[in-house]
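Each residue of the sequence shown is one higher than the one before, counting from 203 in our numbering.
All remarks here apply to the structure that follows.
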Amino acid sequence: MISTVRALVCVAALALTACPQQPAVRSAGVKPNVLIIVVDDQRIGSLSVMPQTRHYFVQGGTNFKQAFVTTPLCCPSRSSIFSGLYAHNHGVINNSPGLAENLDQKTLVQYYLHRAGYRTGLFGKYLNKWRTTQAPPNFDDYSFFSKGEPYYRGNWNHNGNLVSPRMYSTTYIKKLSEQFLRSAEHRDSRPWFLYVATAAPHGPSVAQDRYKKAPVPFWKGDPAVFERDRSDKPPYVRQDHASLAHGRSVRKRQLRSLMSVDNMVGQIIKLLHQLGEQRRTLVFFISDNGVAWGDHGLRGKIVPYTPSIEVPMMMRWPGHVAAGRSDDSLVANIDIAPTILAAADISPSHAMDGRSLLGHHTRRSSILTEYTRMPKYNVPTWASIRTDAFQYIEDYNPPGTKVRFREYYDLKRDPWQLHNLLGDRNTANDPSVQALSRRLAQERSCAGSNCP
């Protein structure tokens with residue numbers, strides 16, 4: 203049930219200084235503007251090159267220290283952001299053709315906001331494999347791509363016209379977002395919803411000219427990168443052999459492409475301040491998934507381990523969201539849509555799996571993460587239970603019902619997931635697999651309030 207919006211902290215517009223915590227009361231009928239900024243493949247630990255983003259969100263908003271995507275793949279994750287649903291409920295289980303276009307548009311946050319009178323805009327990446335010639339429903343203004351990661355040119359649908367912009371894509375997205383905001387504010391009584399989604403830092407992670415040789419902080423790797431014995435990991439993990447050098451190369455390219463994203467965030471926020479809209483705008487920043495930098499010898503995403511499923515996620519709304527706060531509760535991409543609808547006092551007609559993060563939100567004890575195999579990759583269908591203390595993972599044989607491999611990590615003692623307690627041949631330290639497996643089977647078919 204959508205909860206009543208209650209504020210925690212008052213924040214001065216640019217000073218980012220927290221005032222004493224008091225409940226905030228919004229005038230009846232006044233709905234907030236909503237801005238979602240989604241980056242592509244940014245993992246945790248990569249905000250060091252984004253000082254403007256950190257200043258705005260971390261100091262002026264709430265930084266979620268345990269934020270996860272429920273499926274670590276572009277299209278399912280974005281569908282979960284829009285719908286507040288797990289992939290097994292919204293149906294976009296991976297990036298396969300046809301799935302995005304079958305997504306029920308009447309379950310999406312932009313549908314509800316558009317019906318409520320919001321002016322809506324989409325600039326950047328939409329849903330993978332969505333036909334470029336087909337307009338995205340429930341958006342008044344848009345310019346999007348849905349294939350590849352075009353840092354320059356590419357095929358975009360700009361309000362019904364196919365274009366191939368010459369300028370760097372992050373700059374192009376920034377300019378269109380600024381035009382949308384200026385146009386939307388001509389009539390201030392109508393709230394707006396803006397969805398901004400960059401290609402960066404997804405591979406090939408092309409840096410803008412001004413950042414091509416920019417210095418990035420040195421990275422010495424982490425224990426997962428130097429994992430020597432992977433005999434307790436499933437076969438697909440043992441078959442990959444990404445090195446520290448590979449991880450450093452990917453990381454350097456990603457960080458340089460993120461410098462342009464930071465500039466975009468700074469310019470958009472500066473414009474919000476100039477328009478006098480900072481205080482009445484709910485803003486989210488999130489990545490659609492993480493990516494491995496050689497952790498466990500892996501490259502890419504779609505795996506159940508921390509670098510793939512844990513992402514930067516931050517929220518800001520002065521007077522309603524605590525400023526300068528680090529929230530260590532388990533949150534996920536499925537919580538964004540319920541939070542937005544709660545802020546706008548809109549009750550959805552369908553049950554959402556996520557929950558509002560406003561006010562004193564209910565802490566969840568666990569989160570479900572899941573992935574359904576795509577034929578082009580050798581990563582099998584898997585699902586996992588993630589808590590503060592442990593992660594239990596099952597890999598499945600096709601069609602995704604019979605368990606073929608299990609993993610269990612004690613995250614308190616083994617945060618880097620180096621020691622699979624179910625793969626060490628020491629049964630004395632094994633958890634109750636039967637109980638965990640039953641629980642996971644139930645969660646894989648959960649819906650609404652029955653979901654973790």
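Cβ atoms here follow ideal geometry from the backbone N, Cα and C, with glycine treated the same way.
- Query: What is the DSSP secondary structure of Asn631, reduced to helix, strand or coil?
  - Reply: Counting from 1 along the sequence shown, the entry for residue 631 is found at position 429. Helix, per DSSP.
- Message: For a test of the three-state rule: what should DSSP assign to Thr372, helix, strand or coil?
- Response: As a first step, residue 372 is located in the sequence shown; it is residue number 170 there, counting from the start. Three-state DSSP puts Thr372 in a helix.
- Message: Assuming contact is defined by CB atoms lying nearer than 8 Å, are Val271 and Asn491 in contact in what I supplied?
- Response: Mapped onto the sequence shown, residue 271 falls at position 69. Mapped onto the sequence shown, residue 491 falls at position 289. Yes. Within cutoff.
- Message: Need the endpoints of the alpha helix (DSSP H) that Ile542 sits in, please.
- Response: Mapped onto the sequence shown, residue 542 falls at position 340. Ile538 to Ala545 is the span of the alpha helix (DSSP H), which, as asked, contains Ile542.
- For Ile246 versus Val513, is the C-beta spacing smaller than 8 Å? The sequence position of residue 246 within the sequence shown is 44, counting from 1. The sequence position of residue 513 within the sequence shown is 311, counting from 1. A contact, by the Cβ cut-off of 8 Å.
- Message: Quick check on the DSSP output: the beta strand (DSSP E) that includes Thr583 runs from which residue to which?
- Response: The sequence position of residue 583 within the sequence shown is 381, counting from 1. Start and end: Thr583 to Arg588.
- Query: Which of the three DSSP states, helix, strand or coil, is assigned to Glu380?
  - Reply: Against the sequence shown, residue 380 aligns to sequence position 178. Here Glu380 sits in helix by DSSP.
- Closest Cα partner of Thr583 within the set Thr372, Gln244, Leu275 and Lys614: Within the sequence shown, the letter at position 381 stands for residue 583. Cα-wise, what sits closest to Thr583 is Leu275.
- Query: Alpha carbon to alpha carbon, what distance is there between Lys376 and Leu473?
  - Reply: Locating residue 473 in the sequence shown gives position 271, counting from the first residue. Locating residue 376 in the sequence shown gives position 174, counting from the first residue. Between Leu473 and Lys376, the C-alpha separation is close to 11 Å.
- Message: Beta-carbon within less than 6 Å of Ser407's beta-carbon, same chain only, minus the 5 sequence neighbours each way: which residues are those?
- Response: What you label residue 407 is simply residue 205 of the sequence shown in a count that begins at 1. Excluding positions up to five away in sequence, the list reads Arg455, Gln456 and Ser459.
- Task: With DSSP as the reference, label Thr571 as helix, strand or coil.
- Result: By 1-based counting over the sequence shown, the position of residue 571 is 369. Note: Thr571 maps to strand in three-state DSSP.
- Minimum C-alpha distance to Phe325 - residue among Pro367, Tyr413 and Arg627: On the sequence shown, position 123 is the one that residue 325 refers to. When each option's Cα is compared against that of Phe325, the closest is Pro367.
- Task: Would you mind sorting Asn361 into buried or exposed? The rule is 16 or more other CB atoms within 10 Å of its CB.
- Result: Along the sequence shown, one-based indexing puts residue 361 at 159. Exposed, by the Cβ-count rule.
- Curious, which full-length beta strand (DSSP E) runs of at least 3 residues does the region 391-420 contain? 394-399
- Query: What are the boundary residues of the beta strand (DSSP E) that includes Lys327?
  - Reply: Taking the sequence shown and counting its residues from 1, the one referred to as residue 327 is at position 125. Unbroken beta strand (DSSP E) run through Lys327: Arg321 to Lys327.
- Message: Can you tell me whether Leu364 is buried or exposed? The criterion is at least 16 other CB atoms within 10 Å of its CB, across all chains shown.
- Response: Position 162 of the sequence shown, counted from the start, is the residue given in the question as residue 364. That one is exposed.
- For Val523, which of helix, strand or coil comes out of DSSP? Here residue 523 refers to the residue found at position 321 when the sequence shown is read from its first residue. In the structure shown, Val523 sits in coil (DSSP, three-state: anything other than H, G, I, E or B).
- Query: For Leu532, which three-state DSSP category applies?
  - Reply: On the sequence shown, residue 532 is found 330 positions in, with the first residue counted as 1. If DSSP states are grouped into helix, strand and coil, Leu532 belongs with the strands.
- Through-space distance from Tyr328 to Tyr374, alpha-carbon basis: Against the sequence shown, residue 374 aligns to sequence position 172. Against the sequence shown, residue 328 aligns to sequence position 126. Distance between the alpha carbons of Tyr374 and Tyr328 is about 15 Å.
- Task: Counting only the same chain and skipping the five closest in sequence on each side, list residues whose C-beta sits under 7 Å from that of Val227.
- Result: Within the sequence shown, residue 227 is the residue found at index 25, counting from 1. With a pLDDT of 31 at Val227, under the threshold of 50, the modelled position of this residue cannot be trusted; read the value that follows with caution. So no residue of the chain qualifies.
- Query: For Thr206, does the count of other Cβ atoms within 10 angstroms reach 16, so buried, or fall short, so exposed?
  - Reply: In the sequence shown, counting from the first residue as 1, residue 206 sits at position 4. Note that Thr206 scores 35 on pLDDT, short of 50, meaning its location in the model is unreliable; the coordinates nonetheless yield the value given after this. Thr206 should be labelled exposed.
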